[in-house]
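Below is one structure, written out as structure tokens, with a few remarks after it.
There are 2 protein chains.
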Amino acid sequence: MTEKQLKKICAAIKPLDKKAMTMARERLDNLTKPPGSLGRLEETARRLCGIRKSLSPAIKKKIILTFAADHGVAAEGVSTVPREVTRQMVVNFMAGGAGVNVLGRHVGAEVRVIDVGVAAELELEGLYSRKIKAGTDNIMTGPAMSRDEALSAISVGMEMAAEAISDGADILGTGDMGIANTTPSAALFSALLGLDPAEVTGRGTGIDDKTLEHKIAVVANALKVNKTRLTSALDVLAALGGLEIAAICGMIIEAARQRIPVVVDGFISSAGALAAMKMNPLILDYCFFSHMSAEQGHKLFFAAIDRQPLLHLDLRLGEGTGAALAMNIIEAGVKILTEMATFSEAGVSC
Amino acid sequence: MTEKQLKKICAAIKPLDKKAMTMARERLDNLTKPPGSLGRLEETARRLCGIRKSLSPAIKKKIILTFAADHGVAAEGVSTVPREVTRQMVVNFMAGGAGVNVLGRHVGAEVRVIDVGVAAELELEGLYSRKIKAGTDNIMTGPAMSRDEALSAISVGMEMAAEAISDGADILGTGDMGIANTTPSAALFSALLGLDPAEVTGRGTGIDDKTLEHKIAVVANALKVNKTRLTSALDVLAALGGLEIAAICGMIIEAARQRIPVVVDGFISSAGALAAMKMNPLILDYCFFSHMSAEQGHKLFFAAIDRQPLLHLDLRLGEGTGAALAMNIIEAGVKILTEMATFSEAGVSC
Numbered sequence: 000m001t002e003k004q005l006k007k008i009c010a011a012i013k014p015l016d017k018k019a020m021t022m023a024r025e026r027l028d029n030l031t032k033p034p035g036s037l038g039r040l041e042e043t044a045r046r047l048c049g050i051r052k053s054l055s056p057a058i059k060k061k062i063i064l065t066f067a068a069d070h071g072v073a074a075e076g077v078s079t080v081p082r083e084v085t086r087q088m089v090v091n092f093m094a095g096g097a098g099v100n101v102l103g104r105h106v107g108a109e110v111r112v113i114d115v116g117v118a119a120e121l122e123l124e125g126l127y128s129r130k131i132k133a134g135t136d137n138i139m140t141g142p143a144m145s146r147d148e149a150l151s152a153i154s155v156g157m158e159m160a161a162e163a164i165s166d167g168a169d170i171l172g173t174g175d176m177g178i179a180n181t182t183p184s185a186a187l188f189s190a191l192l193g194l195d196p197a198e199v200t201g202r203g204t205g206i207d208d209k210t211l212e213h214k215i216a217v218v219a220n221a222l223k224v225n226k227t228r229l230t231s232a233l234d235v236l237a238a239l240g241g242l243e244i245a246a247i248c249g250m251i252i253e254a255a256r257q258r259i260p261v262v263v264d265g266f267i268s269s270a271g272a273l274a275a276m277k278m279n280p281l282i283l284d285y286c287f288f289s290h291m292s293a294e295q296g297h298k299l300f301f302a303a304i305d306r307q308p309l310l311h312l313d314l315r316l317g318e319g320t321g322a323a324l325a326m327n328i329i330e331a332g333v334k335i336l337t338e339m340a341t342f343s344e345a346g347v348s349c
Numbered sequence: 000m001t002e003k004q005l006k007k008i009c010a011a012i013k014p015l016d017k018k019a020m021t022m023a024r025e026r027l028d029n030l031t032k033p034p035g036s037l038g039r040l041e042e043t044a045r046r047l048c049g050i051r052k053s054l055s056p057a058i059k060k061k062i063i064l065t066f067a068a069d070h071g072v073a074a075e076g077v078s079t080v081p082r083e084v085t086r087q088m089v090v091n092f093m094a095g096g097a098g099v100n101v102l103g104r105h106v107g108a109e110v111r112v113i114d115v116g117v118a119a120e121l122e123l124e125g126l127y128s129r130k131i132k133a134g135t136d137n138i139m140t141g142p143a144m145s146r147d148e149a150l151s152a153i154s155v156g157m158e159m160a161a162e163a164i165s166d167g168a169d170i171l172g173t174g175d176m177g178i179a180n181t182t183p184s185a186a187l188f189s190a191l192l193g194l195d196p197a198e199v200t201g202r203g204t205g206i207d208d209k210t211l212e213h214k215i216a217v218v219a220n221a222l223k224v225n226k227t228r229l230t231s232a233l234d235v236l237a238a239l240g241g242l243e244i245a246a247i248c249g250m251i252i253e254a255a256r257q258r259i260p261v262v263v264d265g266f267i268s269s270a271g272a273l274a275a276m277k278m279n280p281l282i283l284d285y286c287f288f289s290h291m292s293a294e295q296g297h298k299l300f301f302a303a304i305d306r307q308p309l310l311h312l313d314l315r316l317g318e319g320t321g322a323a324l325a326m327n328i329i330e331a332g333v334k335i336l337t338e339m340a341t342f343s344e345a346g347v348s349c
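From first to last, the protein sequence lines stand for chains A and B.
At position 210 of the first sequence the residue is numbered 209 (numbering that gives the first Met the number 0), and the sequence of numbers has no breaks.
At position 92 of the second sequence the residue is numbered 91 (numbering that gives the first Met the number 0), and the sequence of numbers has no breaks.
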């Protein structure tokens with residue numbers, strides 16, 4: 000995919016359907032409850048109608064796409080966890096033992112795992128092998144990726160979303176795996192929102208004060224080293240991002256283009272979503288943000304886009320775990336709209 | 000049941016099992032994720048282990064008990080909704096068309112509806128008829144109930160909880176239906192927490208500023224008229240409460256006594272939980288609070304008990320709708336504990 004083709008795809012994204020949303024509001028207000036008393040479930044159902052152009056946007060098939068990749072910046076000691084764990088966790092995903100597997104099963108969502116840049120040979124049954132390269136380069140010393148590599152990673156995300164939709168998914172969830180990936184995410188938030196690295200850099204898997212200070216300096220340096228490259232959203236993503244973050248960006252773009260709701264997982268997925276929204280602000284309306292991460296900086300992202308996530312459970316695992324939980328809440332909202340009795344059906348005085 | 004018997008039952012409630020909670024923490028820290036990274040899911044799983052004295056507290060059967068009753072204070076015009084709607088909504092519950100039915104089905108919970116004081120004849124298949132009297136008396140002019148009536152309503156709650164547990168429920172959810180019942184709930188919060196009526200009185204089904212002012216005056220007057228009766232938690236409950244609120248209080252006591260977790264729905268259920276906790280503070284640890292209601296005053300309750308609810312979705316419907324949604328989150332926490340792979344099982348470096 001060329002940059003020109005990406006721009007064309009982004010330009011094809013349409014606004015929500017206002018008529019469906021108005022009709023959804025009318026139906027919601029006729030259900031046997033005080034108007035608005037199911038709060039965010041109602042808001043969710045209404046927006047889903049606007050996305051799907053339908054008053055009965057059933058959720059029949061949920062698919063979570065978990066993109067895995069490594070990060071050159073891991074060499075800077077920004078995480079407590081060795082880089083090797085990215086590969087090990089992909090093996091764990093395929094065996095069904097990770098958090099996202101458990102929560103995916105809990106909510107009836109299929110989890111598809113995509114190697115978009117793990118720094119190790121990986122051949123596992125069921126794993127989607129779409130490696131662009133064996134991890135990004137170190138953003139402390141230069142760009143994470145070339146622009147072509149970023150475009151390729153975005154393409155992988157788009158293709159995986161398109162395949163999931165063609166397999167029947169009517170809602171998608173994002174997920175990530177990549178040791179050290181809160182560092183490029185913090186760099187992306189800083190660059191794309193104009194925020195100080197100290198505000199958006201957090202403790203990731205649980206680093207101490209000294210390592211946090213170092214991590215902030217790494218993010219600040221990455222921004223400095225890559226300064227001249229920080230122009231368009233695509234260039235920022237290439238310079239500072241991760242291969243999995245670029246894939247998540249692509250997945251979200253394709254979901255919005257095909258009018259499929261996408262549940263954005265946590266801090267890392269939000270960085271991908273932010274890049275997508277910078278390419279076309281209409282994408283925001285196709286995103287449901289699953290949870291407020293315990294990772295510092297996530298709240299600044301929500302303040303910047305003027306949205307609130309659905310859950311506040313102090314999660315900071317990623318993988319798609321928050322997306323899985325939030326899918327269940329969104330499904331609840333849809334069922335309220337489609338299964339509750341109206342005042343006249345139930346013979347209740349309104 | 001006499002007051003003496005109630006005290007004996009409350010005194011039989013034991014603390015959580017610390018050993019099971021320590022072992023749960025150890026297991027959670029050995030799962031393939033950074034320690035604590037699943038936040039409140041982990042906290043929930045750990046507490047459930049302490050309640051059930053088990054490291055595998057499976058949730059196999061969920062039952063929501065929705066208690067319905069009318070309120071004499073409805074005559075004061077504190078709600079936008081006619082009193083008749085309590086009865087109509089019970090009919091709606093039994094037909095499966097209400098919010099709690101939809102969300103109960105969504106999470107696989109059975110909903111049992113109990114008439115503990117609806118001001119109308121109600122004979123419906125499947126409805127539990129346990130009417131104490133046809134609605135409370137008006138708290139503006141005297142006590143809502145006699146102490147014996149309150150004890151009877153608490154008994155109904157206990158019996159319904161005991162029956163659900165004997166039918167196999169390993170988690171219970173509370174629910175309420177009663178037009179005007181945010182008024183007695185506000186009065187209970189004010190009396191039991193020593194808060195000003197203006198702080199804890201909210202808009203219920205959606206009253207305007209003028210009606211809110213009137214409602215605050217009604218609550219203040221109820222507290223004044225019943226002043227000499229506001230002594231023990233039982234006396235406060237009898238003077239200001241509702242029959243369904245007393246039943247919820249009883250249900251929670253019985254669940255705690257039998258070491259069964261109970262998911263407390265919203266504002267009204269929290270008033271019942273507060274009365275129970277005043278009878279024995281250990282009860283707090285058996286309660287999972289489902290959501291922060293949009294009803295003003297709920298946040299003051301959580302501040303007073305130093306707990307946070309699981310969900311923040313601006314719900315204000317009651318019925319057990321929030322309890323249903325939260326059951327799903329609690330179940331997710333249990334599955335994390337019991338289904339995720341450990342570092343050694345998965346061969347992941349910790």
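Even for Gly, the Cβ is constructed at its ideal location relative to N, Cα and C.
Since we're looking at a predicted model, the values are computed, not measured.
Residue i in three-state terms, based on DSSP
i	result
B/T65	strand
B/H290	strand
B/I170	strand
A/L27	helix
Identified DSSP bridge partners for residue i
i	result
B/R111	B/L64
B/V263	B/F288
B/M176	B/A67
A/G116	A/A68
B/L192	Answer is none; B/L192 lacks a bridge partner.
A/L314	A/L314 is not bridged to any residue.
A/T341	A/L30
Presumed contact (8 Å Cβ cut-off) between residue i and residue j, rounded CB distance
i	j	result
B/L27	B/L336	6 Å
B/S36	A/L316	4 Å
B/C248	B/L229	That pair is no contact at about 16 Å.
A/V217	A/T182	6 Å
A/E338	B/V101	5 Å
B/A302	B/L187	B/A302 to B/L187, Cβ: 16 Å. No contact.
B/I170	B/I259	7 Å
B/I93	B/L123	Contrary to the premise, residue 93 of chain B reads as Met rather than Ile in this sequence. Contact holds; Cβ gap of about 5 Å.
Inset, instruction - Taking a Cβ distance cut-off of 9 Å, strictly less, list which residues of the region 76-95 of chain B are near chain A, in chain order. - result: Only those residues of the region 76-95 of chain B whose C-beta falls short of 9 Å from the nearest C-beta of chain A are listed: T79, V80, P81, E83, V84, Q87, M88, V90, N91, A94 and G95.
Inset, instruction - Output, in sequence order along the chain, the residues in the region 32-64 of chain B whose CB is closer than 7 Å to any CB in chain A. - result: Those residues of the region 32-64 of chain B that come within reach of chain A (Cβ to Cβ, closer than 7 Å) are K32, P33, P34, S36, L37, G38, R39 and L40.
Inset, instruction - Could you list the residues in the region 170-191 of chain A with a C-beta less than 8 Å from some C-beta on chain B, going in chain order? - result: For the region 170-191 of chain A, the set of residues with a beta-carbon nearer than 8 Å to any beta-carbon of chain B is empty.
Inset, instruction - May I ask you to list, following chain order, the residues of the region 262-280 of chain A that have a beta carbon less than 8 Å from some beta carbon of chain B? - result: Within the region 262-280 of chain A, no residue qualifies.
Inset, instruction - Please name the residues in the region 189-214 of chain B whose beta-carbon is closer than 7 Å to at least one beta-carbon of chain A, in chain order. - result: Of all residues in the region 189-214 of chain B, T204 and G205 have a Cβ within less than 7 Å of some Cβ in chain A.
Legend entry - alpha helix (DSSP H) runs contained entirely in the region 129-168 of chain B, provided each spans 4 or more residues: Runs of alpha helix (DSSP H) with 4 or more residues, each lying fully within the region 129-168 of chain B, are found at 146-165, listed in chain order.
Inset, instruction - Scan the region 324-345 of chain A for residues whose Cβ lies nearer than 8 Å to a Cβ of chain B and list them as they occur along the chain. - result: For the region 324-345 of chain A, the set of positions with a beta-carbon nearer than 8 Å to some beta-carbon of chain B reads L324, N327, I328, E330, A331, K334, I335, E338, M339, A340, E344 and A345 in chain order.
Inset, instruction - Below 9 Å between beta carbons is the criterion; list the residues of the region 104-117 of chain B that meet it against any residue of chain A, in chain order. - result: Residues passing the 9 Å Cβ filter: R104, H105 and V106.
Inset, instruction - Identify each residue in the region 304-318 of chain A for which the Cβ-Cβ distance to at least one residue of chain B is less than 9 Å, and report them in chain order. - result: Correct list: Q307, L309, L310, H311, L312, D313, L314, R315, L316, G317 and E318.
Legend entry - Complete alpha helix (DSSP H) runs within the region 202-251 of chain A (minimum length 4 residues, chain order): Taken in chain order, the complete alpha helix (DSSP H) segments of 4 residues or longer contained in the region 202-251 of chain A are 208-224 and 232-239.
Inset, instruction - With 8 Å as the C-beta to C-beta threshold (strictly closer), list the residues of the region 277-302 of chain B near chain A in chain order. - result: When C-beta distances to chain A are compared with 8 Å, the residues of the region 277-302 of chain B below that value are A293, in chain order.
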